[in-house]
Amino acid sequence: MGNNKSMNQASNASGTTHTTMTLLDDGNSSISSTSLLANGITLELEDDLDSNRTFSQASQSYSGSVEKMRQNVSTSLIMITHRIYNYCKRKFIEYEHLPTATCEDICIEFSRNMGILPNTRYLFGLRVLEANQVDEWVLPGQPLRPDVTYCFRMRFKVPSLELLQIMDRASYEYLYNQMRYDVVKECIPDIRYPFKKDNVMGLGAMNMCIDLLEQRESAERIEKNYKSYLPQPLVKTHKIFSRRKICQTFRHLCRRQLDLADVKLNYVREVNNLAPDYLLETFAGLVDYIPGDKLTPHTNIVGILNPTEAKVFIKLDLFDTIEPGLKVARITSKEKLEWILVSKLENIYALCVKSNNLQTPYARLEITGMPHGYRIQFEGKIQLESFISYISGYMRLTTKWMLDLCVQYITPSLAELFAIDCHGPIGGTVSFAKIRERRNNCGSYIVRQCEKEYNTYYIDINTKSNRAGLQPERYKTETYKITKKLCTVNNGITTNPPVKWILHYNSTRKPFDKLADLAQFIPAESEQRFRIKPSEYDKSNLLTICSPKKVQSNETETELNEAELQRKRVQILDPPRDLQWYQNSSSECDNGRMIKMRADWVQEGGFKDVNVTLKVLKYDEDFPKFMNLSNTWSRIYSPYIIKLYGLTLTTPYTMVMEYSKFGPLNEFLQHYKSKISLHQLLDVVHGLVRGIVYLQEHGIIHGFIRCSNLHVTKFDPKNQLLEAKIGDHGFPRPYRRDELPWIPFEYHNNLSLAEKHLDIDLWAFATTIWEIFARGQSIGHVTSESLRQNYNRYGGILPIPSDDCPPEMFEVMMDGWSTEPDTHTHKNFNHMQIFQRLIFIKENLDEDYSTIEWPDELMDADQVNDSNNGEGHNQHLNGMRHNGFGLDGKKPSNYRSYFDTTPSVLEIKNGKVIFKNKIGEGHYGTVHLGEVRYNTPINARELVAIKTLKSLRAPQLNDDFMREIEIMETLDHPNIVKIKHWIQRPFCIIMEYLESGSFLVYLTSRKPNLTNQKLLGFALDIARGMDYLVSKNVIHRDLAARNILVDRDSVKISDFGLAQRADSDGYYIAHTNREIPIKWYSPEAIKKDAKFSFQSDVWSYGVTLFEMFSRGESPNLDPDKELTQDEFLQRLERGDRLRQPSLCPDYVYERLMLPCWHSNPKMRPTFRMVIGNIQSIKNETCNFLPKSELSITPSSSPASTTPN
């Protein structure tokens, strides 16, 4: 094997990681001890690699003996033999098979022999092993070429190693052995000598430990064969050094009594970290254009003018990226490639292969949104076919498992599944769900492959009705096993039909020629059978095992259109899962009987969340009224009436309603008054009439038609669009005297008689039109007598509302206010006549809208209300008494649980932030995990930390919060947490989220695994961050481990709630009596007129060092007694200091901690001096550190992978 590249082109990137892993300081690993070796797999120890041998000879040495294997067919048939390397057995397999055997046939035999499961065997393929061939993979339906040596190899990457370990231990075991081979043979560019020398020796020591744990050989024999665990170039160059170092590391690992599974998992993780592109392939080709390129004339290879043809690298970028998909990068002399997204993988729906006039093969990808497709020309057929098998494989394993992307190169097993209408190994849960979803009839069935055994299938079939419960049309689904048997005669020739399907039924086995006959045989209440066929859109976690983890995408989601939402039936929703309420939006409605708030209805499947209004029941005794209202509104499907989308049937009971972005019409008209055109008002009247007609046709008496109950859902001044919809009528309530303008005269003396009469809606309709043309003007307090006087004077109960109100509209109002008998029935509500009048008015309008000036951004209802409200967003909650009852003595429902159990939302510039679970809490504030979602597609979603105040009532806390924001906005340093956004009502600071979390928790949870060298690195991070604060004239005043966050291999300073700017002398004098963290404070900061400075922060830094090197202990001067503030100060002033932690080296305590605690602030070191001291200590100790602190690479060691 003279060319290493021939063994593995799987990793073509040269990128490296800068993480290191500590292997030798983890004596108490807590990872699961489950063995990962598959049953029946025997592994052999490699022979020693003689340094004088060639690389090819070394390969033979590594391979060990040869094993024979034969295809399971008749012995009388003509057979051929191929040598195929097996990484797990570490030897070549001489495999005898029929000349017609395809690559997939052989892969299935190998997978079955290795114990690899049917669903994970698709991860594997056959690749040419010879040195002169580069990355030649065999397509599933192709036979092997004669006299060519192959290797059986995992090709496709599973994003979660832990998932693979759980899903299929045999596949996981094979991956480990494949990685082991690739590292030793230097087949991975990212881990190739002379780079990563220490990492490679660490990996070799782990392999030695694994072989010992697997009882392959004695420790002495393993040490003697140390060369076989290292790449040959490393051994040649550093023969003596490498032997001593790898053997010392191996012995230390042995003394720690590590678990086999732990070591193996860390090995696989480490290789994955060092070579993140392992198993990912890059191809070279010629494309017609690169998306986004400008046209530049260029003649292609066949003499045809092609404006943008380019030589490119091609790759599938699916993992850890916000833009997953097929990407290309122009081949240039630049060191860093610029990758451009061509298409998401799921948008590629076909691939065809053609040749140009020069017989150069190319692939044409058919892509949604690209009518002319995308052409990629390859150097030769080998590269083309390798690309086809690669992209087709990932298509099946990530998106559409039942899709053969290229019909010219079919996958035999997939063609067979389609031929017999059989599903892949989807599992019983998915199968049952699909039967219920697709055709839930008696006799409906699915045939599917078994996910555990080869040539085994299952049939899931509805056999009889199960009439228990509320839904009688449920069927009992039964599952029966089927085995597939290949039928041959003595000479090996297959019969017709070639297979028999054996049904395992009631302890018998009955053969069938066809699966349809087999299904018909199974007894069921119905004689009919309905086979549910597979589809390329079927989804199952057992199939799409390479689907990348959910990565934040910057693609705009599809928005559900209004018509689709209107057609939807009322949904039953679960608030914690389906809803997200907006803070600053809650208020009382329905006379204080319900709480109204804005929310998002969370959608799945790539659809955009829907803005909604929540109406939450406030009192349990109103539940019957709530259900009556919900029942009425659930039957309404009109685009002119606010839609009821859903209900919650657990407390607090909630109606999920269509959202009105611009709020009630009366407030909207008042706000924009002169800017609303007459044309827009006429459109509102038109919608109101359509809504009234709908209610009448369905026999619904509304009873609360008001301008204030029309809700503006659309407004576009440029296109003269204004839409308002009728809101719900709310709970039944008696009419008030101030509502007389909306009530006919005959009910004025007894308002209770008006509640259920249709003429109420028609009279109110007329008054509402008056309000519309009065631009939302309040009618004010009027009496019945004044209304009658107006009627006699103007012909209506109110005078004409405005100068621009058309006479025809005032006639419509007067018709509604008519006092003649029987004029208020639906027979005389002539909506067609009203429409004719509206058309007539519009045709005769002569308005000029060009002079109306509008702001760039219109205020929505919440912004309008914010300008009028001075209190917090939950002001209605303040009316609740402490005994749990409202002011009227009624027992409230648990509507407050919305504020605890349902995710909340706050709007920020260009997006929103969603509150998730609480991740921290302090004396004054709370920290939540959040997610920012931007409105613009160029920004991806990102996780953030949200800090909020517990109380808004203390003015000092408000001032502190604003100061914290002001300070954080000026800071930009890698060791200081960054602020992303902030909100003033309620006070929120939105910061970057660090997944590893609190440093204090990190110290205590990782105590057995933390080396002093690693802690010195963290101490340096903190000192650098604090030195930066000094340069910004900021005194932190609360430096402690609890206020430091861990970011992988570094730490960052957070929580600037107590931070202050230093005065011209470098001090801040505090005069408050608030609680202070005295254990971290210097003597001068504890006294009455507390004096803070950069030197007092140095004292706190020394206490933080104590926390670090004690692995999270509380900094108590007296471990046996909790001291008061006065006692603590007295002890400090008499010279008492924190003791030296038991695990803390003398040089840390004496050279770093104690100087920080000098009684004279001026004698304490500056942070710049601390940085120099730490660097000196690191330099001094790195040459004589104990072997337990030998660092090989920190991020993937047992220490760093142990869960918190």
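If you count the sequence shown from 1, position 796 lands on 1009 in my numbering, and the numbers rise without skipping. Glycine included, each C-beta is placed from N, C-alpha and C at the ideal position. In this text, all values refer to a predicted model and were calculated from it rather than measured experimentally.
In this structure, the CA atom of residue 563 is about 21 Å from the CA atom of residue 761. Contact check for residue 1182 against residue 1196 fails: the beta carbons are separated by 8 Å or more. With respect to the 8 Å criterion, residue 938 and residue 849 are not classified as neighbours on the basis of their beta carbons.
Remark: fewer than three beta-carbon pairs, one from each stretch, lie closer than 8 Å, so the region 323–330 and the region 398–414 are not flagged as touching.
Here DSSP, grouped into helix, strand and coil, assigns residue 614 to coil. When DSSP assignments are scanned along the region 1268–1327, the uninterrupted stretches of beta strand (DSSP E) that are 3 or more residues long and fall wholly within it turn out to be 1280–1283 and 1303–1306.
Note on the region 995–1042: there is no whole beta strand (DSSP E) run with a minimum of 3 residues.
Annotation: the continuous alpha helix (DSSP H) that includes residue 1235 extends over 1225–1244. Here residue 835 is not bridged, per DSSP, to any residue. For residue 820, the beta-bridge partners assigned by DSSP are 771. Between the alpha carbons of residue 940 and residue 923 lies a gap of roughly 6 Å. Checking the DSSP bridge columns, you'll see residue 1133 partnered with 1140.
The count of Cβ pairs closer than 8 Å, one atom from the region 353–367 and one from the region 305–321, reaches three, so the stretches are in contact. Residue ranges of uninterrupted beta strand (DSSP E) with 3 or more members, entirely inside the region 703–753 and ordered along the chain, are 707–718 and 721–725.
The three-state reading of DSSP puts residue 310 in strand, counting E and B together. Taking a C-beta distance under 8 Å as the contact criterion, residue 1215 and residue 1142 do not qualify as a contact pair.
Shown here for residue 897: same chain residues with a beta carbon closer than 8 Å to its own, the five before and five after excluded, namely 878, 923, 935, 936, 937 and 985 in chain order. By a beta-carbon distance limit of 8 Å, residue 915 contacts residue 974. Their separation comes to about 5 Å. Counting along the chain, the unbroken alpha helix (DSSP H) around residue 324 starts and ends at 316–327. With respect to residue 1369, residue 1378 sits close: the two C-beta atoms are nearer than 8 Å. Residue environment: residue 635 is assigned as buried (16 or more neighbouring CB atoms within 10 Å of its CB, all protein chains considered). With a cut-off of 8 Å on Cβ pairs, the region 777–792 is in contact with the region 856–870, counting three or more such pairs.
Inside the region 832–888, DSSP marks whole beta strand (DSSP E) runs of 3 or more residues at positions 857–861 and 867–871, from first to last along the chain.
By the criterion of a C-beta distance shorter than 8 Å, residue 390 is surrounded in its chain by 256, 300, 301 and 303, once the five residues flanking it on both sides are discounted. Annotation: residue 793 to residue 1117 spans about 5 Å, alpha carbon to alpha carbon. The region 861–875 and the region 891–907 do not touch, with fewer than 3 CB-CB distances between them shorter than 8 Å. Membership of residue 800 in the beta strand (DSSP E) is indicated by the continuous run 800–802. Contact holds between the region 486–500 and the region 399–409, because three or more Cβ pairs, one in each stretch, are under 8 Å apart. In this structure the region 429–436 lies against the region 459–471, because at least three pairs of beta carbons, one per stretch, are closer than 8 Å.
CA-to-CA, the gap between residue 575 and residue 565 works out to about 9 Å.
For residue 653, the secondary structure class from DSSP, reduced to helix, strand or coil, is coil.
In the structure shown, residue 987 falls within a coil segment according to DSSP collapsed to helix, strand and coil. Straight through space, the alpha carbons of residue 790 and residue 624 are spaced by roughly 40 Å. In this chain, residue 574 is not harboured by any alpha helix (DSSP H); it is covered by the beta strand (DSSP E) spanning 574–580. Between the region 655–675 and the region 690–700, the count of C-beta pairs closer than 8 Å reaches three or more; the two stretches touch.
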